[in-house]
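Residue numbers (our numbering): 1 to 382. C-beta: ideal position from N, C-alpha, C; glycine also. See structure below.
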C-alpha cells in the first residue's frame, strides 16, 4: 500500500484531495460543454441522431462533474456533534445522482433512436463536421487519461470512473464517425442504429454505476489486500498470536474505521495489554490510514497441556463442517471444566442451526463441561 495513505485523514491531505477533485472536475465540465455544443450544432445541421446523442452524452458528463464538485464540497464538511464521523458518505449520494442522470440520458436517447429507426431521416454530413468529430475523439482520449491520472492521485473513485468514461466516450464518438464515413461511401444510413447502440451502452453504464454506489452505501466486504496488511501489522507485534474478526467501517472515501480481536497469552497484565493495543492502533493508522476504534482481546492457554488437547479435539469436530470457516479465540480451564471459542460461520447455513449442531457435538465430547460458542460473520477474507 502507498505509504502516503497514512495521512489520509489529516485536514491538509483532505483539503489537497478536494482541491484536485474540484479543479479536475472544472476542466472536465468546460471540455464536455465545449464538445457538447459543437456536436449538437453538427448533429442538428447534418440531421444526425447519433451525433446529437453523442452531444447529450457529453452534456450528462458535464452535469456529472458539477454534482461531483458539490458532493465533494459537502463531504468535506468538518465533523460536528450531529455527525461526529463526518459527512464523507455524501460522496456516495452524489454518485447515485450521477448514475441516475446517466441512466435517464440513456433511456431518453434510446427512445429517440427508436423513433428514428421507425421514421428514418437522411443525414447530410460535411467535411468540416467529420473533422470536428475526429477532433472530439482526440480531446476525449486526452481528457480521459488526464482525469483518470488525477483521480488515482487523489484517491477518488469518482474521478477514476469519469476518466474511464471519457475514454469510453471516445470509442462511441469513433462509432459515430465510422457511421458517417459509411454513409458517405455507400449511401447507407446506420445513424439510428448506432444511436440505439450508444443509448444501450449508456444505460448499461448508468446501471453499473448505480449498483456500485449502492454497494458502497450498503457496505461491502473489506478489501482483501488491506485486510491482509492490517493483520500482518498486528501479528508482527510481540505476544500477538492472531488477529481475528477484523471489521472495517467506511464513512466515505479515505475515512475507514475498524475493530479487531487480538489473541494474547493469558499471562499478560492489564497494563501490558493496554500498552500493546495502543501500539497496535498507532502502527495500523500510520501504515494504512485506518483507525482502530476498538481492540478486543482473546486469551490463549500458555501452560495447560490438557487445554491444548481439548482445543485440538474441539477444532477437529468444528472444522469437519464445510460451513465452519475458522475457529479461534479458544480458551479452556481444565479444572473448572469450562471452554469458550468463536467460530466463523459461512452464509450457506443459518447461525442458529450451526450453533445447535456445534453445541450438540462438542457437548457430546465433553458432557461435563460448560461451553460457550460465539458465532462470527464471514465479513473478511480469512
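Three-state class that DSSP yields for residue i in the structure shown
i, result
"residue 58", "helix"
"residue 254", "coil"
"residue 340", "strand"
"residue 330", "strand"
"residue 64", "helix"
"residue 243", "strand"
"residue 348", "coil"
"residue 182", "helix"
"residue 190", "coil"
"residue 75", "helix"
"residue 134", "helix"
"residue 437", "Since the first residue shown for the chain is 1 and the last is 382, residue 437 is missing from the structure and cannot be characterised."
"residue 154", "helix"
"residue 324", "strand"
C-alpha gap between residue i and residue j, whole angstroms
i, j, result
"residue 19", "residue 250", "22 Å"
"residue 262", "residue 296", "6 Å"
"residue 270", "residue 277", "10 Å"
"residue 199", "residue 325", "45 Å"
"residue 41", "residue 81", "51 Å"
"residue 148", "residue 302", "53 Å"
"residue 146", "residue 161", "12 Å"
"residue 306", "residue 338", "12 Å"
"residue 166", "residue 187", "30 Å"
"residue 97", "residue 24", "19 Å"
"residue 27", "residue 79", "29 Å"
"residue 5", "residue 16", "Confidence at residue 5 is low in this model, with a pLDDT of 43, below 50, so its placement is unreliable and the value that follows should be read with caution. If you take the alpha carbons of residue 5 and residue 16, they lie about 13 Å apart."
6 Å Cβ shell around residue i - same chain, five flanking residues per side excluded
i, result
"residue 310", "332"
"residue 257", "249, 291 and 293"
"residue 283", "233"
beta-carbon residue i near the ligand FMN non-hydrogen atom, thresh 7 Å
i, result
"residue 38", "In terms of ligand content, the structure shown is empty, and the ligand FMN therefore cannot be addressed."
Beta-carbon contacts of residue i that lie in its chain and below 7 Å, excluding the five residues immediately before and after
i, result
"residue 88", "75, 251, 252, 253 and 255"
"residue 317", "361, 362 and 365"
"residue 227", "246, 380 and 381"
Where residue i falls, given that 16 or more other Cβ within 10 Å makes a residue buried
i, result
"residue 123", "buried"
"residue 279", "exposed"
"residue 126", "exposed"
"residue 177", "buried"
"residue 68", "buried"
"residue 32", "buried"
"residue 116", "buried"
"residue 372", "exposed"
"residue 288", "buried"
Limits of the beta strand (DSSP E) - the one that residue i falls within
i, result
"residue 372", "370-377"
"residue 89", "Element bounds for residue 89: n/a, residue is neither H nor E."
"residue 309", "It is not in any beta strand (DSSP E) - residue 309 instead sits in the alpha helix (DSSP H) that spans 305-318."
"residue 237", "Segment: none, residue 237 is in no beta strand (DSSP E) and carries neither H nor E."
"residue 297", "291-300"
Element boundaries [alpha helix (DSSP H), containing residue i]
i, result
"residue 285", "270-288"
"residue 365", "351-365"
Neighbourhood of residue i by C-beta distance below 8 Å, restricted to the same chain and skipping five residues each side
i, result
"residue 323", "345, 346, 348, 349 and 354"
"residue 197", "175"
Chain D contact for residue i (CB, 8 Å cutoff)
i, result
"residue 17", "The question asks about chain D, but that chain is absent: this structure has only one protein chain."
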